[in-house]
Amino acid sequence: MRRILAAATAVVLVLAGSACSDDKKAVATAGTKVSVGVIPIIDVAPIYLGKQKGFFTKRGIDLALTPEQGGAPIVEGVLGGKYQFGFSNVTSLMAAQSGGAPLKAVASGVASNGRAGRDFSAIVVPDGSKIRSARDLAGRRIAVNTLKNLGDTTVRQSVRRAGGDAGNLQFQAMPFPEMPGALQAGKVDAAWVVEPALSAVLTQGGQILASNFVDTAPDLTVALYFTSQGTMAAKPELVTDFTEAIKESMRYAADHPEEVRDVVGTYTQINDTVRIAMILPSWPEDINRRSLERVAQLGQRDGIFTKPPTLDQLLP
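Now the structure itself:
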């Protein structure tokens, strides 16, 4: 009887241990849920590709991507705990940092390809417009995705370079996907667009006035992935895993342009003509600090920053 009881006990212990082991495996498989705020534009194609290819899941990250209109609400989301990480243009991050927000960049997000007239960002006008140069934008209605941000600064710089009055521009905020229709309907005179909205405008007969990123700084670092300093302190391993995953994702995107074109269609509404025509940005791993110093100088000139941003505190 004792032998029978001992054997039964051993079986129970083995089964219990197996169940615990299975539970641990299930947890490991499920991964840590991580929410990331993004903008539905070509810039974030790498993180969507990385999710598809399993670059995040193999590091134990269960990734959820939430689209926002611009960088400013994503910054607010990260600071408020809605997102663990975010994607934002550098002006939004500098403005938040200069105001005392505890943010830290973890990786480069996207960069200009440096080709005037063939960059993924441009100032555009509709077919038939009498505006021929960026200098003619003075007093005109110009669409940007958010006010007092990267669009303002870079558009003003294109106007300055063309010899126009950069202090007399009328900016109007609207989401990028709405800009092609707004141009066609005459609701605005010009727009700052990035892909895929840029190709949507061009396929409707629109024209490029200037490549505002190229006019601002060579090989401009346009956006960064970032987190809060609280997350960095509390979950350093998660930050490391996320950073490694996004860097792998950007390398993959840079090497697989056709897959980039395909994945953009999974989170934006584009037709095949736009998908094929899209101008791709660059996705370098390194952050171009000199270009960010230039953006900081221009942002101060335009009154976007309350005080000079401290790049050493923002950048990794």
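Read in the UniProt record's numbering, the sequence shown has 313 at position 313, and its numbers run on one by one without any break.
We put the CB at the ideal spot given by N, CA and C, even for glycine.
None of these values were measured; they are calculated from a predicted model.
Beta-bridge pairing of residue i - partner residues as DSSP gives them
i, result
"Ser-291", "Partner(s): none; Ser-291 has no beta bridge."
"Asp-62", "Lys-33"
"Thr-310", "Thr-310 is not bridged to any residue."
"Leu-224", "Ser-88, Ser-108"
"Val-124", "Ala-191, Ile-208"
"Pro-67", "Val-38"
"residue 317", "In the structure as shown, the chain begins at 1 and stops at 316. Residue 317 is therefore absent and cannot be evaluated."
Rounded separation between residue i and residue j - CA only
i, j, result
"Val-44", "Gln-157", "25 Å"
"Gln-297", "Val-159", "16 Å"
"Asp-255", "Gly-265", "18 Å"
"Pro-308", "Gly-186", "37 Å"
"Ala-143", "Gln-207", "15 Å"
"Gly-80", "Arg-132", "44 Å"
"Asp-152", "Val-193", "12 Å"
"Gly-31", "Ile-61", "5 Å"
"Leu-137", "Glu-178", "20 Å"
"Arg-198", "Val-125", "Correcting the residue identity first, residue 198 is Leu in this sequence and not Arg. Going by the C-alpha atoms only, they are around 11 Å apart."
"Arg-115", "Glu-259", "22 Å"
"Glu-248", "Tyr-83", "21 Å"
"Pro-316", "Lys-130", "45 Å"
"Arg-3", "Val-239", "Only weak support is given to the placement of Arg-3: the predicted model assigns it a pLDDT of 42, under 50, and the value that follows is read from those uncertain coordinates. Their Cα atoms are separated by approximately 52 Å."
"Ala-8", "Ala-245", "Summary for Ala-8: the model assigns pLDDT 40, below 50, so the residue's position carries little reliability, and this model does not support an answer."
"Gln-313", "Met-250", "24 Å"
"Ala-210", "Leu-65", "32 Å"
"Ala-200", "Pro-175", "14 Å"
"Pro-180", "Ala-233", "43 Å"
"Gln-204", "Gly-128", "11 Å"
"Gln-97", "Pro-196", "29 Å"
"Ala-111", "Gly-299", "18 Å"
"Thr-293", "Thr-221", "A quick correction: the sequence has Glu, not Thr, at residue 293. Answer to the nearest angstrom: the Cα atoms are 10 Å apart."
"Asn-212", "Ala-122", "6 Å"
"residue 365", "Arg-261", "Outside the shown range of the chain, which is 1 to 316, sits residue 365, and nothing can be said about it."
"Ile-304", "Arg-140", "20 Å"
"Thr-57", "Gly-164", "50 Å"
"Thr-306", "Gly-99", "7 Å"
"Leu-63", "Lys-235", "16 Å"
Limits of the unbroken beta strand (DSSP E) element including residue i
i, result
"Asn-89", "85-89"
"Gly-109", "103-111"
Residue interval of the alpha helix (DSSP H) (run including residue i)
i, result
"Ala-72", "71-79"
"Phe-242", "236-255"
"Gly-50", "45-53"
"Asp-219", "Taken as a continuous stretch (DSSP letters only), Asp-219 belongs to no alpha helix (DSSP H), as it is neither H nor E."
"Asp-302", "Premise fails: Asp-302 is in no alpha helix (DSSP H) and is neither H nor E."
"Thr-273", "272-277"
Inter-residue CB distance, residue i and residue j (contact presumed, cutoff 8 Å)
i, j, result
"Tyr-225", "Val-34", "With a Cβ gap of about 12 Å, Tyr-225 and Val-34 do not count as contacting."
"Gln-229", "Lys-104", "5 Å"
"Pro-284", "Phe-120", "Contact doesn't hold; Cβ gap of about 14 Å is too wide."
"Tyr-252", "Pro-46", "7 Å"
"Val-75", "Leu-49", "Their Cβ separation, rounded to whole angstroms, is 24 Å, which puts Val-75 and Leu-49 out of contact at 8 Å."
"Ala-223", "Gly-37", "About 12 Å; that fails the 8 Å criterion."
"Asn-288", "Asp-215", "So it is not a contact: roughly 15 Å between Cβ atoms."
"Gly-77", "Gly-86", "6 Å"
"Ala-182", "Ala-191", "7 Å"
"Ile-39", "Pro-67", "7 Å"
"Arg-173", "Asn-145", "Correcting the residue type first, residue 173 is Ala in the shown sequence and not Arg. Contact flag correct, Cβ pair sits at about 7 Å."
"Gln-52", "Val-188", "In fact, because the Cβ distance is near 35 Å, the residues do not count as touching under 8 Å."
Item checked: Length at least 3, wholly inside the segment 128-186: the beta strand (DSSP E) runs in chain order -> 141-144, 170-173
Check: Residue ranges of each beta strand (DSSP E) run of no fewer than 3 residues wholly in the segment 184-211, ordered along the chain?
Finding: 190-194, 207-210
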